[in-house]
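Below you'll find the structure, written out as structure tokens, and then a few comments.
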Amino acid sequence: MINENSDIILSVQNLHATVDGTEILKGINLEVKAGEIHAIMGLNGSGKSTFSKVLAGHPDYEVTAGQIIFKGQDIADLEPHDRATAGIFLAFQYPLAIPGVSNRDFLRVAFNAHRKAKGEEELDVFDFDDLIEEKLDVVKMDASFLDRSVNEGFSGGEKKRNEILQMALLEPTLAILDETDSGLDIDALKTVAGGVNQLANPTNAVVMITHYQRLLNYIVPDFVHVVADGRIITTGGKELAERLETEGYEDLLAAHQTEKQVEVAA
Amino acid sequence: MAIQVSNSDVTVMSKTQTSKPQAERQAYLNGLLATAQAAVPADLPFTTLRKQAAAIAQEHGFPDTRQEDWRFTNLAPMLSVSFQPSTVTPEVDAETLAAIALPEVTHRLVFVNGQFSASLSQLDALPEGLIVGNLAHLYSGTFTSKFDDCLGQSAGNHDVFASLNTVGFQDAAILWVPSNQVIAAPIQLVFLSIAGDGAATLSQPRCLVVAESGSAITLVEDFYGSDSKAHFTNSVTEIWVEDNAQVNHVRLQREGSGTFHIGKTAVTQGCDSRYTCTPITTGAQLSRHNLEVTQTGPQTETTLQGLSAIAGTQLADTHSIIAFNHPHGTANQRHKCIVDDRAHAVFNGKMWVPRNAQQTNASQLNRNLLLSDKGRIDTKPELDIVADNVKCAHGATISQLDADEVFYLQSRGISGEQAQQLLIYGFAMEIIDAIPLPSLRETLTQVITAWTR
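Chains as they are written, first to last, in this note's numbering: chain A, 1 to 266; chain B, 1001 to 1453.
This is the structure:
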């Protein structure tokens, strides 16, 4: 939902980032306002997943230039957990399994870390159980999920639903969904998308990173950005995604290449 | 298969492992044997048994690192300490009593430095026929020959330290479960190590458990101490699991930081019996647990699930042997180690599957979590298979905390330090969760949660 007067949640300016000395992001600019849903699309290796990890503060990536301003604050020096408690949530493309730690304990520790950061009192086991059982409805999960080890032995769909459950619990201002749709059958996709739609509201924002237009039928974006070679090369509305679906990336990338050459020539 | 992971200091370590001359080790062993013999009480002579044991100890000699079985565990630091049996019964402080208290337990035997303490033990309302007590008190009358048939007779009872214990044990914990009795409440056997004011102390706890056919029992063996002074605990526990009986055994080694702990658990399993051992090691400066299971009938089930969590300069060595000799045996072993600072964990697990042991189904896994650059792990899972129709698997892994797992937890607002704690906790919980006493699970969970890096 686009509202010109909404607060700016995320402002990324000329972001450059490297991993092991190789530059992956080469000047990303993006502005996300409250209430908006953005989709970031692009081919494999274009830098979209790297962008999500840089936003969340993955230690393997080094920001070499540019700024990430989140709710008015430059977050360059914030640790990943401080970014999380400030309101940034990354739904992982490949959520990790944590054997021996029950989902319930993990969720409670995470939730209480957020409470603590806000100066609120931590919830005890019983109050937390009431809260989490409510949230299970968002992703239509059975309570038995809570007593299994985090993501251990979960199917692809279960892992992604578990990510959205965490999002429902932590109520982030900015949710970044990294290929949350990949590997999901249509029923699981609908459940996951339904959960995201239920959580999106005028005070928060969603950035979806995806390969496929399919997801965008269920979570309708306000903006679609196409990333190639570490930069956003074009931005449009949801019709851009539809065009990509029918025409593919080739024409768009070719046009971009030509533009670049013209720039160089000039 | 042998895997050795170590740090840059490995050369330094191997230099300090030079063995003392054999004559010195022999003299030291003779001293220990003489000390042990001098401590034998008049009413528990076991003359023949003790004499044979002395001969076995002499034959083996005091171990050094040139022996394959002691390659990674250097006992040289013991040689400079002269251990003496404690002559007085030391006071047990309230802190210790609180640490050993387990609310699920209604029957408890407590030994202080190998000597029975009636006042600390708790033995009210024993079920009919169940015997829980100390040997010195029980060794009389018609029961005597039953003890003679079992005590010191286990197959896995014949190395130098088990023999040293047999030579000099002063009393023993006895737990005898009559046939077809199922004892619901766990029984606790506590062996306290308390260093006196004088010389370094030697204690030789001894324990005999007999679960007659069709019986079932849960046993918590607790080796506890909090002293940083030098102490030597040399224990032997013999467990007879007769036909179709079941023993669930939790073994806690949480001795003081000055303690040398060498413990033998010798288990004999009859036909259709089930034995589960959960050894948890967090204490002592140097410890060795020799866990030996011998199968004397077909279709036995053996589950060993251990955890060693060590830091500082601790060394924890677990040597296990499962000796099959009959068809349809099942063994499932998992042993986990958490190693921090300059600590050193050793695991050696043998499974013998001779020709008679057809249709054996055995698996063994040793998993290690190395938390520091200076820690060291030596692991050697071993299968010795002669039978041709068996299913056996073994493996060992050594890993560090996974940076991606830490990031995943951090991305949910959990601090880096707390994320590491949670991962260590998860690693340990697989073993701790198997302990049948909620209060003990709680205590150990706290120990692991407090593990700071």
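All C-beta atoms, glycine included, are put in the ideal place defined by N, C-alpha and C.
Small disclaimer: the values here were computed from a predicted structure and weren't measured.
{"Asked": "C-beta neighbour in chain A for B/Arg1412, strict 8 Å", "Found": "yes"}
{"Asked": "Distance CB(B/Leu1291)-CB(B/Thr1259) smaller than 8 Å", "Found": "no"}
{"Asked": "Inter-residue spacing [alpha-carbon to alpha-carbon] between B/Leu1192 and B/Lys1374", "Found": "31 Å"}
{"Asked": "Positions along the region 1388–1401 of chain B whose CB lies within less than 7 Å of some CB in chain A", "Found": "none"}
{"Asked": "Cutoff 8 Å: A/Gly119 Cβ touching any chain B Cβ", "Found": "no"}
{"Asked": "Option nearest B/Gln1295 by Cα separation, candidates B/Tyr1275, B/Leu1286 and B/Ile1310", "Found": "B/Tyr1275"}
{"Asked": "Proximity below 8 Å, CB of A/Val138 to CB of A/Leu165", "Found": "yes"}
{"Asked": "Per-residue DSSP class, three states only, for A/Met273", "Found": "Look at the range of chain A in this structure, 1 to 266, and you will see that residue 273 of chain A is not part of it."}
{"Asked": "Contacts of B/Gln1078 in chain A (Cβ-Cβ under 9 Å)", "Found": "The residue you asked about is not Gln; residue 1078 of chain B is Met in the sequence shown. Correct list: empty, because the minimum Cβ distance to chain A is about 36 Å."}
{"Asked": "CA-to-CA distance, B/Trp1352 to B/Asp1388, given in whole angstroms", "Found": "13 Å"}
{"Asked": "Candidates B/Leu1365, B/Cys1337, B/Lys1380 and B/Ala1323, of which the one nearest B/Gln1358 by Cα", "Found": "B/Ala1323"}
{"Asked": "Enclosing beta strand (DSSP E) for B/Leu1049 [first to last residue]", "Found": "Note, B/Leu1049: premise wrong, no beta strand (DSSP E); alpha helix (DSSP H) at Thr1047 to His1060."}
{"Asked": "Pair within 8 Å by beta-carbon distance, A/His38 and B/Phe1407", "Found": "no"}
{"Asked": "N-terminal and C-terminal residue of the alpha helix (DSSP H) that A/Tyr249 is part of", "Found": "Segment: none, A/Tyr249 is in no alpha helix (DSSP H) and carries neither H nor E."}
{"Asked": "Min CB distance B/Tyr1028 to chain A below 8 Å", "Found": "no"}
{"Asked": "Residues near A/Glu242 by beta carbon distance below 7 Å, same chain, minus five either side", "Found": "Gln213"}
{"Asked": "Short CB-CB distance (under 8 Å) between A/Ile132 and chain B", "Found": "no"}
{"Asked": "Anticipated Cβ contact below 8 Å, B/Pro1436 with B/Asn1248, distance rounded", "Found": "6 Å"}
{"Asked": "For A/Phe92 and A/Glu179, the rounded distance between their alpha carbons", "Found": "8 Å"}
{"Asked": "Neighbourhood of B/Thr1106 by C-beta, 8 Å cutoff - its chain only, sequence neighbours within 5 removed", "Found": "Gln1122, Asp1124, Ala1125 and Ala1185"}
{"Asked": "Proximity of A/Lys26 and A/Gly194 at Cβ, strictly below 8 Å", "Found": "no"}
{"Asked": "Straight-line gap, B/Ala1098 to A/Ala188 (C-alpha atoms, nearest Å)", "Found": "52 Å"}
{"Asked": "8 Å CB neighbourhood of B/Gly1256 in its chain, flanking five on each side removed", "Found": "Ser1193, Ala1195, Gly1225, Ser1226, Asp1227, Ser1228, Lys1229, His1231, Gly1283 and Ala1284"}
{"Asked": "Extent of the continuous alpha helix (DSSP H) to which B/Arg1441 belongs", "Found": "Pro1438 to Thr1449"}
{"Asked": "Sub-8 Å separation of B/Gln1026 and B/Val1167 beta-carbons", "Found": "no"}
{"Asked": "Coil, strand or helix - B/Arg1251 by DSSP", "Found": "strand"}
{"Asked": "Given B/Ala1173 as reference, the closest of B/Gln1052, B/Asn1180, B/Ser1372 and B/Ala1136 once Cα atoms are compared", "Found": "B/Ala1136"}
{"Asked": "Proximity below 8 Å, CB of B/Ala1428 to CB of B/Ile1448", "Found": "yes"}
{"Asked": "Interface flag, B/Ser1257 vs chain A, CB-CB below 8 Å", "Found": "no"}
{"Asked": "Proximal residues, the region 53–77 of chain A versus chain B, C-beta separation under 9 Å", "Found": "Lys53, Ala56, Gly57, His58, Pro59 and Asp60"}
{"Asked": "Enclosing beta strand (DSSP E) for A/Ile164 [first to last residue]", "Found": "Per DSSP, A/Ile164 belongs to no beta strand (DSSP E); it is in the alpha helix (DSSP H), Gly156 to Leu170."}
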